[in-house]
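Asker: My questions all concern the structure below.
Chains as they are written, first to last, in this note's numbering: chain A, 7 to 250; chain X, 7 to 250.
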């Protein structure tokens, strides 16, 4: 067995607060009675990775070289599985997975897997994400393949509300961002969304109150990814030969 | 300049929730407008490190070999500074610092530095910590050297209240632990403590309400260490030659 195959590798700090939130959710959702029952972690948190959204808007360098460096680093560490608690970075998932020996979990898959647990009858899924994730179709394809209809924010919602609120989270301005995201979520519900995926990991960080009050309405992509990591190690343990 | 000298290395997951809390405090206290303004992080979170308290009580193996492995790993990564968001692990600080090329911050120093900011007139400092930290004198020496009198929990407090509550945090049982720590803190205040150091990083994780309601009464060792990391990089930046 590789020395660190029981570690999860986190390619994080996109953004930094979302990664802290992810780590907290990983810990709080792991069945544990003591430190040693938790999942060991190596975090490569390079927040200097060029902004994903700016690159897609043609305003900055590609994040791919530094994303690749992070994947190489985590593979060199020998981690058993890798995850990225950032939805937008999944635009480069295929390229990064291809260069990674350790499996690279997919946050869209993890989030989509939660829909039936939240509301098995839901047909219309609201998607609250960055404009880049929206344009890339990261969620649309997999959700439509599963027979769901996607309700997205309008172009005006992205420009006037969502983009500035994501910038606010990155600058630690939590309260105004919370108000904005809650308003946009409300408009998706009015347009028929039965479940809303918080498909940008900055969003659940600030929508804690909504998540606590309406747990069956929201899918927190950060929480879904944390659960996928926990499931990965539980399945690995279950299938590993028992050493007595 | 070393490739990762702008990274902080975190020797963490002692316990896992305390490290997630530390990361969140590091991010929220960093002056930032965007991801790239934050401090890059490598976290070596090996929660399988043998329990520090059990070893001190003669009930388990030494944590030193795995602590040393973490320090070597972070040095191999080339981080600029290392911190350990666990007070009890600082019993091995001198040995770990001696083998580390990167400076290893000291959580007791960081916490003691906060006393004058919280209450410049305070003379009696309450210390809420693990029994091991208490017995080791980690805080007592430095606080007495600065002219403070230390008010510690009683032996009964450690046995009946503090030890079980720390185990509860490690098992994600937040609410009962919060009640216990708040009661013990109250008894330290009744015995004359003017400021209380939460000298185990599991404690501020669950005493959020008290910290918010009485910010001048408590020193959160996790927050103090996060501030020390931020100060380290601000001072490094201020003293580095400007590249124009």
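In this text, a Cβ means the ideal position worked out from N, Cα and C, and glycines have one as well.
What whole-angstrom Cβ distance do residue 91 (chain A) and residue 204 (chain A) have, given they're in contact under 8 Å?
Answerer: About 12 Å separates the two Cβ atoms, so there is no contact after all.
Asker: Residue 253 (chain X) to residue 73 (chain X), Cα distance in whole Å?
Answerer: The requested residue 253 (chain X) does not occur in the structure, where chain X is confined to residues 7 to 250.
Asker: Since residue 42 (chain A) meets chain X, which of its residues come closer than 7 Å, beta carbon to beta carbon?
Answerer: In chain order: 53 and 54.
Asker: For residue 81 (chain A), I'd like the list of residues in its chain whose CB is within less than 7 Å of its CB, leaving aside the five on either flank, ordered along the chain.
Answerer: Excluding sequence neighbours, residue 81 (chain A) sits near 106, 107 and 108.
Asker: For residue 220 (chain A), which three-state DSSP category applies?
Answerer: Of the three classes helix, strand and coil, the one that applies to residue 220 (chain A) here is coil, per DSSP.
Asker: Helix, strand or coil: which one does DSSP assign to residue 130 (chain A)?
Answerer: Strand.
Asker: Restricting to runs no shorter than 4 residues, where is the alpha helix (DSSP H) found entirely within the stretch 72-108 of chain A?
Answerer: Listed in chain order, they are 99-104.
Asker: Do residue 138 (chain X) and residue 225 (chain X) have their C-beta atoms closer together than 8 Å?
Answerer: No. Outside cutoff.
Asker: By a C-beta neighbour count over all protein chains shown, 10 Å radius and 16 as the cutoff for buried, is residue 250 (chain X) buried or exposed?
Answerer: Legend: pLDDT at residue 250 (chain X) = 45, less than 50; position of this residue unreliable, value from coordinates given subsequently. Exposed, by the Cβ-count rule.
Asker: Please determine if the stretch 234-241 of chain A and the stretch 120-127 of chain A are in contact, where contact requires at least 3 C-beta pairs separated by less than 8 Å.
Answerer: No, they do not touch.
Asker: Considering only residues of the same chain and omitting the five flanking positions on each side of residue 186 (chain A), which have a CB-CB separation below 6 Å?
Answerer: Once the five neighbours on either side are set aside, the close Cβ partners of residue 186 (chain A) are 167 and 171.
Asker: How far does the alpha helix (DSSP H) with residue 50 (chain X) in it extend, from its first residue to its last?
Answerer: That residue, residue 50 (chain X), is in no alpha helix (DSSP H); its beta strand (DSSP E) goes 47-51.
Asker: In this structure, does DSSP put residue 119 (chain X) in helix, strand or coil?
Answerer: In the structure shown, residue 119 (chain X) sits in coil (DSSP, three-state: anything other than H, G, I, E or B).
Asker: As a quick exercise: from X:219, X:212 and X:121, pick the residue whose alpha carbon is nearest that of residue 34 (chain A).
Answerer: Per the Cα distances, X:212.
Asker: For the stretch 11-27 of chain X and the stretch 48-59 of chain X, state whether three or more C-beta atom pairs, one from each stretch, are separated by less than 8 Å.
Answerer: Yes, they touch.
Asker: How would you list, in chain order, the residues of chain A whose beta-carbon sits under 8 Å from the beta-carbon of residue 23 (chain X)?
Answerer: Simply 30, 33 and 34.
Asker: Our contact map puts residue 94 (chain X) next to residue 136 (chain X) with C-beta atoms below 8 Å; I'd like the distance itself, whole angstroms only.
Answerer: The Cβ separation is near 5 Å, so the contact holds.
Asker: Residue 177 (chain X) CB to nearest chain A CB: under 8 Å?
Answerer: At least one chain A Cβ lies under 8 Å of residue 177 (chain X).
Asker: Give me the Cα-Cα distance between residue 221 (chain A) and residue 133 (chain A), rounded to the nearest whole angstrom.
Answerer: Each residue's alpha carbon lies about 16 Å from the other.
Asker: Along chain A, which residues have their Cβ under 8 Å away from the Cβ of residue 110 (chain X)?
Answerer: By Cβ distance, chain A contributes nothing, its closest Cβ being about 19 Å from residue 110 (chain X), past 8 Å.
Asker: What first and last residue would you give for the beta strand (DSSP E) that runs through residue 204 (chain X)?
Answerer: Residue 204 (chain X) -> beta strand (DSSP E) spans 201-204.
Asker: Just checking: is the beta-carbon of residue 49 (chain A) within a distance shorter than 8 Å of some beta-carbon in chain X?
Answerer: It does; some Cβ of chain X falls within 8 Å.
Asker: Using CA atoms only, rank isn't needed, just tell me which of A:78, A:23 and A:117 is closest to residue 229 (chain A).
Answerer: Minimum Cα distance to residue 229 (chain A) is reached at A:117.
Asker: Have a look at residue 11 (chain A) and residue 42 (chain X) and give me their C-alpha separation to the nearest angstrom.
Answerer: Taking the straight line joining both Cα atoms gives about 30 Å.
Asker: Considering only C-alpha positions, which residue in the set X:174, X:151 and X:200 is nearest to residue 158 (chain X)?
Answerer: Among X:174, X:151 and X:200, the Cα nearest to that of residue 158 (chain X) is on X:200.
Asker: Hey, is residue 163 (chain A)'s beta-carbon within less than 8 Å of any beta-carbon in chain X?
Answerer: No - not a single Cβ of chain X is within 8 Å of the one on residue 163 (chain A).
Asker: Since residue 242 (chain X) and residue 227 (chain X) should fall inside the 8 Å C-beta cutoff, what is the C-beta to C-beta distance between them, to a whole number of angstroms?
Answerer: That pair is no contact at about 23 Å.
Asker: Three-state secondary structure (DSSP) at residue 7 (chain X)?
Answerer: In this prediction, residue 7 (chain X) scores a pLDDT of 48, lower than 50, which makes its location untrustworthy; no coordinate-derived value is stated.
Asker: Note down, in chain order, every chain X residue with its Cβ under 8 Å from the Cβ of residue 19 (chain A).
Answerer: Result: 41, 44, 46 and 47.
Asker: With burial defined as no fewer than 16 other Cβ atoms inside 10 Å of the residue's Cβ, what is the status of residue 183 (chain X): buried or exposed?
Answerer: Looking at its Cβ environment, which holds 16 or more other Cβ atoms inside 10 Å, residue 183 (chain X) is buried.
Asker: When the distance is taken between beta carbons, is residue 191 (chain A) closer than 8 Å to residue 202 (chain A)?
Answerer: It is a contact, given that the beta carbons lie within the stated cut-off.
Asker: Just to confirm, is the Cβ distance from residue 251 (chain X) to residue 131 (chain X) under 8 Å?
Answerer: Shown here, chain X extends from 7 to 250; a query on residue 251 (chain X) therefore has no answer.
Asker: Could you tell me whether the Cβ of residue 57 (chain X) comes closer than 8 Å to any Cβ of chain A?
Answerer: Yes, residue 57 (chain X) lies at the interface with chain A (some Cβ there is under 8 Å from its Cβ).
Asker: What is the DSSP secondary structure of residue 189 (chain X), counted as helix, strand or coil?
Answerer: Correct three-state label for residue 189 (chain X): helix.
Asker: For residue 98 (chain X) and residue 70 (chain X), I'd like the C-alpha separation in whole angstroms.
Answerer: Their backbone Cα atoms lie some 7 Å apart in a straight line.
Asker: Beta-carbon of residue 218 (chain A) versus every beta-carbon of chain X: anything under 8 Å?
Answerer: Residue 218 (chain A) does not count as touching chain X.
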